[in-house]
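In what follows, a structure is listed as structure tokens, so that the remarks can point back to it.
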Amino acid sequence: LGIPAEPLFRSGRITTRLRSVATIASFAFVLVACTDYDDVFEDNFGYGQSSKGSKLDSIAMTLKDYRDNHVYNVAWVGSLYWMMENLSYEYYSTGKDYYLITACPTETVNGKGDCESTGFLYPGKRLEHACPSGWRLPSLEEWREFYNSPEFQSQSEGLPYKGYISGDHSWNQNGETAFYWASEYHTGGYRNCINFTSESNSFESASLCHEQWKMAVRCVKEAGSEIPTIGDERLKINVYVKPTAYQNTT
6 LGIPAEPLFR SGRITTRLRS VATIASFAFV LVACTDYDDV FEDNFGYGQS
56 SKGSKLDSIA MTLKDYRDNH VYNVAWVGSL YWMMENLSYE YYSTGKDYYL
106 ITACPTETVN GKGDCESTGF LYPGKRLEHA CPSGWRLPSL EEWREFYNSP
156 EFQSQSEGLP YKGYISGDHS WNQNGETAFY WASEYHTGGY RNCINFTSES
206 NSFESASLCH EQWKMAVRCV KEAGSEIPTI GDERLKINVY VKPTAYQNTT
């Protein structure tokens with residue numbers, strides 16, 4: 006079976022410790038070499054995986070991603086924190102399989118276009134580390150709840166409707182429709198995704214979005230007990246998340 010040309014949507018409301026027997030100079034050389042290697046590993050070979058964490062400020066309602074120090078606005082919807090902006094972390098950017106790299110359709114030889122502010126488009130493959138440490142992709146059900154929330158509706162008119170990039174590298178529905186990945190993964194290289202337009206009640210979901218396609222990403226984090234309250238007042242909590250999946254390979 007070939008890869009479908011477009012999503013099939015269903016409408017709905019939906020240290021290592023360095024040991025050196027050489028001189029101090031050689032030790033310094035090794036340390037610098039390891040640091041450089043880590044930077045390359047994190048940014049270009051880890052599909053977003055990094056030893057750098059993230060910080061949530063629940064009063065300012067911001068998330069800082071220490072991989073690139075980008076700060077996102079967040080909102081509290083139901084039991085989750087939601088990023089109110091598209092993910093803008095570029096990983097695995099050059100020299101590898103086209104179907105594994107982030108994309109910026111507006112990129113030019115002089116820069117990244119508008120993707121550092123409106124978000125990159127991500128392949129559906131290797132998305133487990135795309136979000137900042139401690140954050141994850143939302144499910145279809147979580148997307149439905151978010152779509153119908155006042156927090157989402159308050160920003161819907163200003164969203165970047167960036168469409169998606171298909172397996173043949175074509176950019177589809179730019180300026181018309183917003184496409185996002187969801188967390189559910191299926192056999193055969195398919196993943197759930199959702200889309201919507203600027204029109205009301207236009208939310209649609211699909212289960213046959215091929216991992217070679219590239220779409221926008223939003224990330225969520227369980228609020229849980231991290232939001233203690235006194236009456237209706239939130240207390241300030243700064244949550245620094247250390248990643249657990251990173252392994253130093255030097």
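Note that the sequence shown covers residues 6 to 255 in the numbering used here.
Here a beta-carbon is modelled for each residue, glycine too, at the ideal position from N, C-alpha and C.
Quantities reported herein were computed from a predicted structural model and do not represent experimental measurements.
query                                                                                                                                                        : result
Which residue wins for smallest C-alpha separation from Leu132, given the options Tyr94, Asp73, Pro155 and Pro110?                                           : Tyr94
Assign Ser63 to buried or exposed, taking buried as 16 or more other Cβ atoms, counted over all protein chains shown, within 10 Å of its Cβ.                 : buried
Short of 8 Å in beta carbon distance, which residues of its chain neighbour Val82, apart from the five on each side in sequence? Order them along the chain. : Glu150, Phe151, Ser154, Glu156 and Phe157
Look at the alpha carbon of Trp176 and the alpha carbon of Pro110, and state the distance between them as a whole number of angstroms.                       : 7 Å
Give me the Cα-Cα distance between Tyr96 and Pro143, rounded to the nearest whole angstrom.                                                                  : 20 Å
Apart from the five residues on each side of it in sequence, which residues of its chain come closer than 6 Å, Cβ to Cβ, to Gln178?                          : Gly168
So Arg223 and Trp87 are supposed to be a Cβ contact under 8 Å. How far apart are they, rounded?                                                              : 7 Å
Ignoring anything shorter than 3 residues, give me the beta strand (DSSP E) runs that lie fully in the region 121 to 197, in order along the chain.          : 183 to 191
For the beta strand (DSSP E) that Glu209 lies in, which residues bound it at each end?                                                                       : Glu209 to His215
Is it buried or exposed for Thr107, if we count other Cβ within 10 angstroms and need 16 for buried?                                                         : buried
With a CB to CB cut of under 7 Å and the five nearest residues on each side skipped, what residues in its chain are close to Asp119?                         : Thr111
Ser203: which of Asp70, Leu105, Pro165 and Trp140 sits nearest, CA to CA?                                                                                    : Pro165
Looking at the structure shown, is Tyr96 part of a helix, part of a strand, or coil, going by DSSP?                                                          : coil
Please classify Ser210 as buried or exposed, where buried requires at least 16 other C-beta atoms within 10 Å of its C-beta.                                 : buried
In the structure shown, what three-state DSSP assignment does Tyr104 receive?                                                                                : helix
Whole angstroms is fine: what's the gap from Thr182's alpha carbon to Trp148's?                                                                              : 16 Å
Which first and last residues belong to the beta strand (DSSP E) in which Ala80 is found?                                                                    : His75 to Val82
For Asn78, which residues in the same chain have their Cβ closer than 7 Å to its Cβ, ignoring the five residues on either side in sequence?                  : Met66, Thr67, Met89 and Glu90
Measuring only the C-alpha atoms, how far is Lys57 from His75?                                                                                               : 12 Å
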